[in-house]
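Protein chains in written order, with the working numbering: chain A, 3 to 440; chain B, 3 to 440; chain C, 3 to 440; chain D, 3 to 440. A virtual CB, placed ideally from N, CA and C, is assigned to each residue, including glycine.
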């Protein structure tokens, strides 16, 4: 009952607000999004901020792509920093370097679009609209690099608003409203969810799912992680996704496998939640299920095949011939089904993956993005799993291999420091041996 | 059940986090608040941000006033802007005025304490701690003007976080948890609440109370307004507070009287919510009780007597003699009980109040702060009420008179513009007449 | 978070309870459901009622069909009324007809299984288990008429517990937990829901769904009704179910069509909620959407074809030839697609349906169960809709025709009294005319 | 927001219902409570049950005591069992003793007022009204013993509705709505709560309070227990109630003291919840605070002084002289402050209390009602506490002594059986020794 009424009420208040705006305005008002934004930044905004903000939010929803782009350029040009004012403030500051002048300089350097966004945010749905603006912007930024300042400002603002302290960790299960569950199906980025039955298996008694939410986006997960409760470190993902597998009594599991982590909001790109999420879920699960002793991911190696295909000649201690044999074997698209082939290339392929993860770097950091993320969080590279993901995508990305990154709460900071200060890839001795290729 | 468990869990997670921090740190860690803040701003903060933030929050709670002040100076000096870096960035910008250099300049102008605060906010209770820091700072700023930059930064951050879009309007009534209700008793700033019985009367069927809340401070109202549902414009506050008065069926009321508005958080000083609150409550009540036709305050005139005592000679068109007679009459502390006196001075006193409200200004705005607030919101000065508040405080502030500011949704913007652009005090013709003193 | 913990806690308490039971019992306890029930009815039940009840609930969940039947016979034979005691009480009453003896007679006539059920209900899940027992019993009663007394007792008890005053009307929408939504898919009895997409369309902005819930069965709807918000009285159901149809702004609808009502709990058979549900939903929708002026069902005529196929010769004023022509036409399974046929038989078929609904009765009540239900509720037979349901089932049951029963709040009681006292079928003049077949 | 709207809606629906009733009724309706009840039991009740039930509930609220009594007699006389029908059914049953006739006999023995109550319960507030009817009845039954059948019927119905399985255990703390907290103040029956400050101390961090609620009476606790978390078995109640005592960190407590249990609803007299409450709270606290090892009451001995004052001559092994000395000493109203007196009578008084608790019985059960309750629950009589309650009431009831009843989950059933089967008072050896008076 309640929701319907309250939202109706809300609409009627907002409608009233807009009627009043129109009636109240002696002169005619502009109803373009840019016009309303201008009003919102002036004194009319002080009196009728909520109604104007609502109008901006509604108008944004009606724009086509060209108009959206036009609006972004409005943000860039018309409500950006005023260069003349900046110059004057710089000069004043250089003339007299006091706190007052420094404050003034900082003030003119903040583009008015930041205040505009804060006012748009007054409206119900304001935060969602701003996230949507950034999502659109992110998708256009390559072709429109002159929007970079706008992007920086939106990111800065959203980063402040989506501070970890404002996020809520929620467990997602079969009691969660459908409006949220369907978002999981939409946003799952690692192992596609193929419908409600598939989803249900992932929320069964021996599975867990956690997500971060922000109070202003109650129906939108920001990031979520899917966990399988198992016995022993899982080595392959297909059995975890299989509908037919027996369900395990969660009190009998000793290991939690994080087999999928998905960021949901393109509009929050570059604002990192994953670090917090994994650690908090580890703590949460430890409290829920004291029998859990091990926490590990089962992760893809998304950059491996791309890197491997570009190698030329020997790799590490592996001879050119041996490398070539592996490459050749992989050309057969059904290679993984052929026991003769797999018997032959398992060892060198695992060595190559270990080598790639341990030694291939870019700017002193691992080349592989997933590795970078987990090692940066303080996890340890634990095990390479032969044919852990034989989906089309798994074969294409990493010749079907998967990796476990192991989270040991007591080693997290130590590992993190070794990674940051000493550029060290913390790995199990097994992986270290493999990487030696000897 | 639930709360107890969840908060226990939370504590145990945080405790675990801190144990791990200590065990994890190869070298010994500093446990002063400044030391932990330094950690929080470096790479250790990246790995263990949540646990460090929690430690800062806990440590803040243990500081005495001297230590708090010391911490504020740490914020001012050690994590303020780096003047050398600013100078270099200014020079670079002047050498080449491009976007990149402008961005860099803006970046160095943001003091690291802002990022520090964002990280402290990671912890449960972080927002509350930062609001408490600002509260303490606000109480010290006069004697410590060199903390102004810190104050500006905290205010800027809190202003962004406490954006209207993140606030929730809640109705407060007898079903509200006691932990919130006792805050009303504590925070009521206009007409003191004398205990639970008094509070209960203010939440009875013919009363309403609304407050804004922020999700990160769920037990703390930010601002609240108390409303009486009555027939006709109320002229005096004592009957509204009287326990013995009959309760009115709210469906029979035609007028909502806002008789008290209290800001609750000194730490959010300068961040305005009242404007939004009143308008939204007007909309809310209109929807709840369609029979309500009038929305008005019953407000004090806090600056009147202070101003009046300083006047010298004639006031407006009122002769010096007449003014002197009024002043003399008010010297008797029981003057308001003496019909002969009241008969004599009612007219001139009302004229003086009208004159004060209409014509006494400071920087083109009304001298009276309450008047400034409501006129700035678009309300109209409606009526002066003789002996509307005969409490000790009411007599002292404004010789017992009260004022109604009338909110007419359809005139709000028009009134606001007249106020802002034309410096006009929008008032009823009755008050205009009184102010002429003729 | 919360749910998981609380339910864990709950399980651990119950487990502890059972351990204690076993440790506490000096002598060995029986662990058959019958044995535990015996304990529950004796002093051990007074001390450890909750744990024993929990055990019964768990045991019930493990029984196969034969064991369930055995348990029902245990209820019938071992914890039924004691005939000797009844005889003695009857004699005592006849000897002295006082209140005390009457009370004693009433007491021995209540079978101990009622108290047993009340004790089983102590356990979490107890109510659900008892509803499941009755569901099983209902499915067996035809073959096992000697369980009738058990059925009566369970029904009596459940009828008291599922009193309207304890039910909660809830709106079901896309924000409802999946665990409830999947029940709708399972329980829909009129127009099958073909999956989550179909369900979603039925919960879209121009649809409403309401259900009754009982606090002890929070995930189980007891009965639900699906409503379409439309303009004008809907005449056909397929367009209402069509995914591709445009959605209507609900504020523009003038009519609410109840197109499906489903009882969900076989275990509550014979306990009627539909009457309350429809009236309350009418009131609810009236308040939500003041634009709604008409409330009507779009209902099947489940008994029509069965009756029609059994008619022999003339029907009412319709000649034998004409009737035969209609019957013959319907033999072609695609008759409804053939315009020549439909042109020919529309009129007589509508007349026959009208005749059936108006005049065919059993024990003075309409033969058609849906008609009986709505007329008994005080609705009016409003309109017959040609080819309103051309699904396989619709054609089979009622040659594709549907009926609107119209709910006019102000006529409900009048209609109900006419129906009850005067055995009158309240119908529109159009239907009355059709039924005359002239 | 929500509540206001929903309850408004509810009222408007109910009002509409009543309007319709009046408009709908061809003939004029009776508006006495008895008249409406008659309607409710007939066919009008089938059509308009909800509106009629609402009317009964409202009318009940307007009755004065005489009218209430009149209504109870209406229940007794007019909607009681029909003696003629009973006689006929008895005869039919004796003529042919089959199941059908037994069922019919049982049916006529159920007074129609039971069905009437079930229908009154349709209305919002129906359950509360029925509980209020019973409350009134309970207060009148001594003077009106001819209402006993009505009382039995109401009790039977309420007992079924307030089945343990429908109750919810809630923790009461400072986050609980004020509307519930004020009920604690009202209902506390053992150690009076002297206002909100006193209440707050009882809900502080080292205190717990739990209550049972029924979904149909959401603001009304049925029974509640107050618990102090302490170190070691508490021996006196005044320190537990003292505002000034230091608060204990609950994680450091090893003992939970149940120092007050209060039944709240006179209308539910004779329906026992205490047994369930204590055991569930023990389980709850064990899970919340694993450090708790002991669970014990600190209980009054309400019948001691009454019994003692009636003893004549020797008691057990205690000589007449010694008994007389004790009696004499207690005549001084400040005896407990006089060390000479207390030194002298402590031993014999404790022996007398032990003797009273161990040996004074009525119908083989302990004379003391509190003792009967806890021993019946399976607790053990643990310790007698000298001057444990020196309040006026404590001195009057039990010469200032208090008793600990100890709950050991693992012994509960064993103790209960010893109590029930062997009439044994399970007591610590210390108390057994005392009772020997040697």
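Checklist entry - Which word fits residue 252 of chain D, buried or exposed, when buried means at least 16 other C-beta atoms lie within 10 angstroms of its C-beta? => result Position 250 of the fourth chain holds residue 252 of chain D. Residue 252 of chain D comes out buried.
Item to check | Any C-beta of chain A under 8 Å from that of residue 181 of chain C | outcome: Here residue 181 of chain C refers to the residue found at position 179 of the third chain. It does; some Cβ of chain A falls within 8 Å.
Next on the checklist: My parser needs the beta strand (DSSP E) runs of 3 or more residues fully inside the segment 343-416 of chain A; what are they?
Outcome noted: 382-387, 404-408
Checklist entry - Would a check of beta-carbon distances place residue 436 of chain A closer than 8 Å to chain B? => result Here the question's residue 436 of chain A lines up with position 434 in the first chain. No, residue 436 of chain A does not count as interfacial toward chain B.
Checklist entry - Should residue 2 of chain A go down as buried or exposed, given a rule of 16 or more other Cβ atoms within 10 Å for buried? => result Here chain A comprises residues numbered 3 to 440, so residue 2 of chain A is not present and cannot be evaluated.
Item to check | Burial state of residue 228 of chain B (16 or more Cβ within 10 Å) | outcome: Here residue 228 of chain B corresponds to residue number 226 of the second chain, with the count starting at 1. Buried, since its Cβ has 16 or more Cβ neighbours within 10 Å.
Checklist entry - Given a limit of 8 Å on CB to CB distance, which residues of the segment 391-410 of chain B reach chain A? => result none
Checklist entry - What is the DSSP secondary structure of residue 118 of chain C, counted as helix, strand or coil? => result Locating residue 118 of chain C in the third chain gives position 116, where the first residue counts as 1. Correct three-state label for residue 118 of chain C: helix.
Next on the checklist: Using a Cβ-Cβ cutoff of 9 Å, what residues of the segment 166-190 of chain D are near chain B? List them in chain order.
Outcome noted: 171, 172, 173, 175, 176, 177, 178, 179, 180, 181, 182, 183, 184
Checklist entry - Which one of D/403, D/370, D/285, D/413 has the shortest CA to CA distance from residue 391 of chain D? => result Residue numbering aside, residue 391 of chain D sits at position 389 when the fourth chain is read from its first letter. Per the Cα distances, D/403.
Item to check | residue 293 of chain A burial status per 10 Å Cβ neighbour count (16 or more: buried) | outcome: Translated into the one-based positions of the first chain, residue 293 of chain A becomes position 291. Burial call: exposed.
Checklist entry - Could you give the C-beta distance for residue 443 of chain D and residue 279 of chain D, rounded to a whole number, given that I count them as a contact under 8 Å? => result The structure shown has nothing for residue 443 of chain D, since chain D only spans 3 to 440.
Next on the checklist: According to DSSP, is residue 259 of chain D part of a helix, a strand, or is it coil?
Outcome noted: As a first step, residue 259 of chain D must be located in the fourth chain, where it is residue number 257. Residue state, collapsed to three classes: strand.
Checklist entry - Tell me, which residues are paired with residue 320 of chain B by DSSP? => result Translated into positions along the second chain, residue 320 of chain B becomes position 318. Paired residue(s): B/317.
Checklist entry - Closer than 9 Å, Cβ to any Cβ of chain D: which residues of the segment 190-205 of chain B, in chain order? => result 197, 198, 201, 202, 205
Next on the checklist: Among D/295, D/97, D/359, whose alpha-carbon lies nearest the alpha-carbon of residue 232 of chain D?
Outcome noted: Translated into the one-based positions of the fourth chain, residue 232 of chain D becomes position 230. With distances taken between Cα atoms, residue 232 of chain D lies closest to D/295.
Next on the checklist: Please tell me whether residue 151 of chain D has its Cβ less than 8 Å away from any Cβ of chain C.
Outcome noted: The sequence position of residue 151 of chain D within the fourth chain is 149, counting from 1. It does: the Cβ of residue 151 of chain D has a partner Cβ on chain C nearer than 8 Å.
Checklist entry - Just by C-beta distance, which residues in the segment 70-100 of chain D are closer than 8 Å to chain C? => result 83, 85, 88, 89, 92, 95, 96, 99
Checklist entry - Between residue 218 of chain A and chain B, is there a C-beta pair that is closer than 8 Å? => result The residue given as residue 218 of chain A occupies position 216 in the first chain. For residue 218 of chain A, the answer is yes, since a Cβ of chain B falls inside 8 Å of its Cβ.
Item to check | the segment 183-191 of chain C / the segment 91-109 of chain C touching (three or more Cβ pairs under 8 Å) | outcome: no
Item to check | Where residue 85 of chain D falls: helix, strand or coil (DSSP) | outcome: Against the fourth chain, residue 85 of chain D aligns to sequence position 83. Note: residue 85 of chain D maps to helix in three-state DSSP.
Checklist entry - Which parts of the segment 212-269 of chain B are runs of the beta strand (DSSP E), unbroken and 3 residues or longer, counting only runs that do not cross its ends? => result 225-232, 257-265
Checklist entry - Are the C-beta atoms of residue 318 of chain B and some chain A residue less than 8 Å apart? => result Sequence index remark: in the second chain, residue 318 of chain B carries index 316 (1-based). Residue 318 of chain B does not count as touching chain A.
Item to check | Helix, strand or coil at residue 144 of chain D according to DSSP, with G and I counted as helix | outcome: As a first step, residue 144 of chain D is located in the fourth chain; it is residue number 142 there, counting from the start. Three-state DSSP puts residue 144 of chain D in coil, outside helix and strand.
Checklist entry - What residues of chain C sit near residue 50 of chain D, judged by a beta carbon separation below 7 Å? => result Counted from its first residue, the fourth chain places residue 50 of chain D at position 48. Within chain C, the residues near residue 50 of chain D are 415.
Item to check | Closest by C-alpha distance to residue 154 of chain B, when choosing among B/297, B/271, B/416 | outcome: The count along the second chain starts at 1 and reaches residue 154 of chain B at position 152. The candidate whose alpha carbon is nearest that of residue 154 of chain B is B/271.
Checklist entry - Do the segment 256-272 of chain B and the segment 354-364 of chain B make contact, defined as three or more Cβ pairs closer than 8 Å? => result no
Next on the checklist: Give me the chain B residues within the contact set of residue 154 of chain A, using Cβ-Cβ distance strictly less than 8 Å, ordered along the chain.
Outcome noted: Along the first chain, read from residue 1 onward, the residue named residue 154 of chain A stands at position 152. Here the neighbours are 105.
Checklist entry - Taking Cβ positions, are residue 113 of chain C and residue 83 of chain C nearer each other than 8 Å? => result Indexing the third chain from 1 puts residue 113 of chain C at position 111. Indexing the third chain from 1 puts residue 83 of chain C at position 81. Result yes, Cβ atoms of residue 113 of chain C and residue 83 of chain C sit closer than 8 Å.
Next on the checklist: Is the beta carbon of residue 383 of chain B closer than 8 Å to that of residue 405 of chain B?
Outcome noted: Counting from 1 along the second chain, the entry for residue 405 of chain B is found at position 403. Counting from 1 along the second chain, the entry for residue 383 of chain B is found at position 381. The answer is yes: Cβ separation under 8 Å.
Item to check | C-alpha distance - residue 416 of chain C paired with residue 80 of chain D, whole-angstrom precision | outcome: Start at 1 with the first residue of the third chain, and residue 416 of chain C comes out as number 414. Start at 1 with the first residue of the fourth chain, and residue 80 of chain D comes out as number 78. Spanning the two alpha carbons is a distance of roughly 27 Å.
Item to check | Run of the alpha helix (DSSP H) containing residue 190 of chain A, from where it starts to where it stops | outcome: Residue 190 of chain A sits at position 188 when you count from the first residue of the first chain. Per DSSP, residue 190 of chain A belongs to no alpha helix (DSSP H) and is neither H nor E.
Checklist entry - Taking Cβ positions only, does residue 297 of chain D come closer than 8 Å to chain C? => result Mapped onto the fourth chain, residue 297 of chain D falls at position 295. Output row for residue 297 of chain D: interface = no.
Next on the checklist: One question on the structure: do residue 207 of chain A and residue 249 of chain A come within less than 8 Å of each other, judged by their Cβ atoms?
Outcome noted: Residue numbering aside, residue 207 of chain A sits at position 205 when the first chain is read from its first letter. Residue numbering aside, residue 249 of chain A sits at position 247 when the first chain is read from its first letter. Taking 8 Å as the Cβ cut-off, residue 207 of chain A and residue 249 of chain A qualify as a contacting pair.
Checklist entry - Where do the N-terminal and C-terminal ends of the alpha helix (DSSP H) with residue 435 of chain D fall, by residue? => result Looking up residue 435 of chain D in the fourth chain gives position 433. Per DSSP, residue 435 of chain D belongs to the alpha helix (DSSP H) from 431-438.
Checklist entry - Since residue 170 of chain C sits in a beta bridge, which residues does DSSP pair it with? => result Residue mapping note: residue 170 of chain C aligns to position 168 of the third chain, counting from 1. Paired residue(s): C/215.
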